[in-house]
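**Q** Could you have a look at this structure, given as structure tokens, before my questions?
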Amino acid sequence: MPKPRVIYWFRTDLRLHDSPALKAALDLDPECLYPIWTWDPHYVYRARVGPNRFQFLLDCQNDLSASLTRLNPKSKLFVIREAPQTLFPKLFKAWRISHLVFEKDTDAYARERDEKIMELAKEAGVKVIVRTGRTLYDPDELVRANGGKPTMSITQVQQAGKKLGAIPRPIPAPTSIPDPGDTSLDFEQARPSQEPDYNAIQRDSADRSYSALAGPNGDFAVPSLSELGLKPATTPHRGGETLALQALDIIIADTDYTATFSKPLTAPTAFSPQSTTLLSPHHHFGSLSCRLLYWRAQDTVNSYKKGAASTPPTSLTGQLLFRDMYFGAQAALGYSFGQTVTNPHCRFIPWHLPSRIDPSTNLITGTYDIDSPQAEEHLRRWREGITGFPWIDGLMRQLKTEGWIHHLGRHAVASFLTRGGCYIDWERGAEVFEEWLIDHEAACNIGNWQWLACVAFYSQFHRIYSPIAFPKKWDKAGMFVRRYVPELERFDEKYIYEPWKAPVVDQKRWGCLVRGREGGVEGEFRVYPKPMFEFKERRDVCLKAMKKAYKVGLYGNDPRVLDGSWRALFDDEAEGPTEGREGPIGAMVGDGEAEHEEDVGDDEAPPAYAKSHMSPESPKSTRSRAGQKRGADQTTLDGIFKRLKS
DNA sequence: GCATCCGTTGGGGGA
DNA sequence: TTCCCCCAACGGATG
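Sequential numbering of the first sequence, starting at 1, is according to UniProt numbering.
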């Protein structure tokens, strides 16, 4: 009996420690082990990924590759530049592979991809081994233990978790690995189409991702940012298992911090150092096992003064339970989890800037309707950090440049964009976070936006974050704002969260005028914009609108959401695109009576459904944003697979 | 089935 | 400064 020839396929598990899947591969006692990464065009072109997250990924890959080489000088992480769906059949043959091993991934796209790969493996006579290690529990088992329903509360996770038994203890990293076999690539590369390239806006030079199967030097090396044509990263946060384990050691060494950690008590305004662990990007890329953190935190709690330690959900382990909750919701709901339409667990609210829906799949298209030019302006200013509210702007600028903001900061900006300010669709906000966060985890991002928008997981919409009162509670002196909105650094703390109230003579004395909408420089003075609306006023408008939407009580899977008849249930006076009787969310169909103009806002020919209600005074107000498009899903559409209608 | 309690992270006012 | 209640009210969990 010949020994197995094994491919270990790294994906979101870029580590050697606590990897049940890697252990399973090594337990096969292989003749050769190929640790590989497939440079998937789905991630490169069809997901929203800014340079900061790309850099974190490359950091993780470089670190892992070096660690593999330390275990065996002949080995490394072999990066192969082709879509896995086309690569694997050729690779199985060329390297005479007997086994394929990888860690389970329940992301909507990953599931489809892996099903396809398992099919291809079967055809090639290759055995596939899959192990769970990305979450505390296997999300599918968690859902099963929850009665087959998505986990929508932390209690459900705890109850279902009990039925599944103890969370597995971490397993040590291997101390040796077998040689890779012959690595010649005796086949043609299937180059993916770069179109559509949703990350075109992230590049300042040509992308050379697919220059050759084994890279420009034929050595399977991890690419560099510049090779990918990406703009330089600006984040100070770096990736890799080595750094992750060091960071974990430092956290656990502080017994009091670890054992008494209570999330709601950590300051969102702290930045040097930040008040939470900043381990989330490592969990996303797998450079840190969540089970390792879980057990090191739990062991610390167990040996701490009795009764003095914090407990879930606020404790460190509680944070990981929330992560599992979102994975469980996503595992049960699939693509519909990432959108309102078709989602039975997501409330329907007639937000501004609603997503467009592809009528052939009922999935979001990545474009949206501009029902209100003012809302579009609000979104742009929120994104760019020039809303005129220093707390919001500081957070958005920190997010853009550093790729990470504190959880409560995410609450502040999300509440502001959706139910507590702009009344803009939470899906718009989730897209911006997807692009900029280095710790972007589709399930958690989507879940948290639904939570904050009060469409799922949470419903106390009266609790609205004030961009003035809330940060004052944590940072009366405004140190955070001074750091991230430097034009205001000399303002008196009396005005730091409301600079527009400062007398002009003081504004001049402090070197910054508060005027206009864009900020910038004016002569010898810097300029910071005026607030883009009266917050209290918007707060009341949103509150009233949320109350109405809750009373109407529609969920995303209601036929009236899709066919547009929801409009009849809302007042014309209500906030959001509710006026008129025609044109549902995404603006599909209609009875043909209403007059439409052809939508001409897209680069590509708009599909027939891309018509929607036009208000008389602004006939083009519903033109879709002529920006990037993307496939519909939590990260995007691959184009290779056809999705079933939900 | 129904009442009650409580929910990781609101704001504001008064004692 | 800290605690408490109220605002007006949701909905899952619990008994």
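Even glycine gets a Cβ: it sits at the ideal position worked out from N, Cα and C.
Here the structure is a predicted model, which means the values were calculated and not measured.
(1) Whether or not the segment 217-236 and the segment 400-419 are in contact is what I'm after, with contact meaning three or more pairs of Cβ atoms, one per stretch, closer than 8 Å; do they touch?
(2) I'd like the span of the alpha helix (DSSP H) that includes residue 355, first residue to last.
(3) Just mark residue 504 as buried or exposed, buried being the case when its beta carbon has 16 or more other beta carbons within 10 Å.
(4) Please tell me whether residue 33 and residue 264 are closer than 9 Å, where the distance is taken between their beta carbons.
(5) Give the straight-line distance between the Cα atoms of residue 19 and residue 575, rounded to the nearest whole angstrom.
(6) Relative to the alpha-carbon of residue 374, which residue among 351, 361, 492 has its alpha-carbon at the smallest distance?
(7) Taking C-alpha atoms, which residue in 274, 216, 249 lies nearest to residue 237?
(8) According to the Cβ coordinates, are residue 514 and residue 497 closer than 9 Å?
(9) Find out if the Cβ-Cβ distance for the pair residue 109, residue 343 is shorter than 9 Å.
(10) In the DSSP assignment, what residue or residues form a beta bridge with residue 37?
(11) DSSP three-state label for residue 616, please.
(12) Can you give me the start and stop residues for the alpha helix (DSSP H) that residue 8 sits inside?
(13) Taking the CB atoms as reference points, tell me whether residue 113 and residue 17 lie closer together than 9 Å.
(14) Would you identify the three-state DSSP class for residue 521, choosing helix, strand or coil?
(15) Among 562, 399, 14, which one has its Cα closest to the Cα of residue 359?
(16) Please report how far the alpha carbon of residue 598 lies from the alpha carbon of residue 384, in whole angstroms.
(17) Out of 297, 177, 134, 266, which one is the CA nearest neighbour of residue 65?
(18) Within the same chain, show all residues whose beta-carbon is closer than 8 Å to that of residue 471, passing over the 5 residues directly before and after it, in chain order.
(19) Under the three-state reduction of DSSP, which class applies to residue 407: helix, strand or coil?
(20) Using 10 angstroms around the beta-carbon of residue 427, count the other beta-carbons present and answer buried if the total reaches 16, otherwise exposed.
(21) I'd like to know whether the C-beta atoms of residue 329 and residue 278 end up nearer to each other than 9 Å.
(22) Can the beta-carbon of residue 93 be found closer than 9 Å to that of residue 130?
(23) Could you tell me which of 133, 469, 382 sits nearest to residue 429, measuring between CA atoms?
(24) Identify which residue in 355, 262, 349, 282 has its Cα closest to the Cα of residue 310.
(25) When the Cα atoms are used, what is the spatial distance from residue 316 to residue 152?
(26) What are the boundary residues of the beta strand (DSSP E) that includes residue 365?
(27) Answer yes or no: do residue 63 and residue 239 have a C-beta to C-beta separation smaller than 9 Å?
(28) Beta strand (DSSP E) containing residue 227: first to last residue?
(29) Does the segment 63-83 touch the segment 120-137, meaning 3 or more C-beta pairs lie closer than 8 Å?
(30) Whole-angstrom Cβ separation of residue 434 and residue 445, contact assumed at under 8 Å?
(31) Taking residue 532 as the reference, give the member of 106, 393, 345 with the closest Cα.
(32) In angstroms, rounded to a whole number, what distance separates the CA positions of residue 13 and residue 173?
(33) Can you tell me the Cβ-Cβ gap for residue 484 and residue 397, rounded? I've got them flagged as a contact below 8 Å.
(34) Rounded to whole angstroms, what is the Cα-Cα separation between residue 371 and residue 214?
(35) Could you give the distance in angstroms between the alpha-carbon of residue 285 and the alpha-carbon of residue 60?
(36) Whose C-beta lies closer than 6 Å to the C-beta of residue 157 among residues of the same chain, with five residues either side of it excluded?
**A** In short:
(1) Enough Cβ pairs lie closer than 8 Å, so yes.
(2) Counted as a single uninterrupted DSSP element, the stretch harbouring residue 355 is not any alpha helix (DSSP H) but the beta strand (DSSP E) occupying residues 355-358.
(3) Looking at its Cβ environment, which holds fewer than 16 other Cβ atoms inside 10 Å, residue 504 is exposed.
(4) No. Outside cutoff.
(5) C-alpha separation (whole angstroms): 50 Å.
(6) The residue with the shortest Cα to Cα distance from residue 374 is 351.
(7) The candidate whose alpha carbon is nearest that of residue 237 is 274.
(8) Not a contact, by the Cβ cut-off of 9 Å.
(9) Taking 9 Å as the Cβ cut-off, residue 109 and residue 343 do not qualify as a contacting pair.
(10) According to DSSP, residue 37 shares a beta bridge with 79.
(11) Note on residue 616: pLDDT 31, under 50, position unreliable in the model; the coordinate value appears next. It is coil, neither helix nor strand.
(12) Element bounds for residue 8: not the alpha helix (DSSP H) but the beta strand (DSSP E), 5-9.
(13) Using a Cβ distance threshold of 9 Å, residue 113 and residue 17 do not count as a contacting pair.
(14) Correct three-state label for residue 521: strand.
(15) The shortest C-alpha to C-alpha distance from residue 359 to any of 562, 399, 14 is the one to 562.
(16) Residue placement at residue 598 is poorly supported in this model, since its pLDDT is 34, which falls under 50; the coordinates are not used for a value here.
(17) Residue 177 holds the alpha-carbon nearest to the alpha-carbon of residue 65 among 297, 177, 134, 266.
(18) Sequence-distant partners of residue 471 (beyond 5 residues in either direction) whose C-beta falls short of 8 Å from its own C-beta, in its chain, are 268, 269, 391, 412, 478, 480, 481, 497.
(19) Helix.
(20) By the neighbour-count rule (16 or more Cβ atoms within 10 Å), residue 427 is buried.
(21) Cβ distance not < 9 Å, so residue 329 and residue 278 don't count as in contact.
(22) Going by C-beta atoms, residue 93 is not nearer than 9 Å to residue 130.
(23) Checking every option, the nearest Cα to that of residue 429 belongs to 382.
(24) Closest option to residue 310, Cα to Cα, is 262.
(25) Each residue's Cα considered, the two are about 20 Å apart.
(26) Bounds of the beta strand (DSSP E) holding residue 365 are 363-368.
(27) For residue 63 and residue 239, yes; Cβs fall inside 9 Å.
(28) Segment: none, residue 227 is in no beta strand (DSSP E) and carries neither H nor E.
(29) No: fewer than three Cβ pairs fall under 8 Å.
(30) The beta-carbon distance between residue 434 and residue 445, rounded to whole angstroms, is 6 Å. This is short enough to meet the 8 Å contact definition.
(31) When each option's Cα is compared against that of residue 532, the closest is 393.
(32) Distance between the alpha carbons of residue 13 and residue 173 is about 13 Å.
(33) Taking 8 Å as the upper bound for CB-CB distance, residue 484 and residue 397 are in contact here, some 5 Å apart.
(34) Those two C-alpha atoms are separated by around 47 Å.
(35) CA-to-CA, the gap between residue 285 and residue 60 works out to about 7 Å.
(36) In chain order, 151, 321, 324, 325 place their CB closer than 6 Å to the CB of residue 157, counting only its own chain and leaving out the 5 sequence neighbours on each side.
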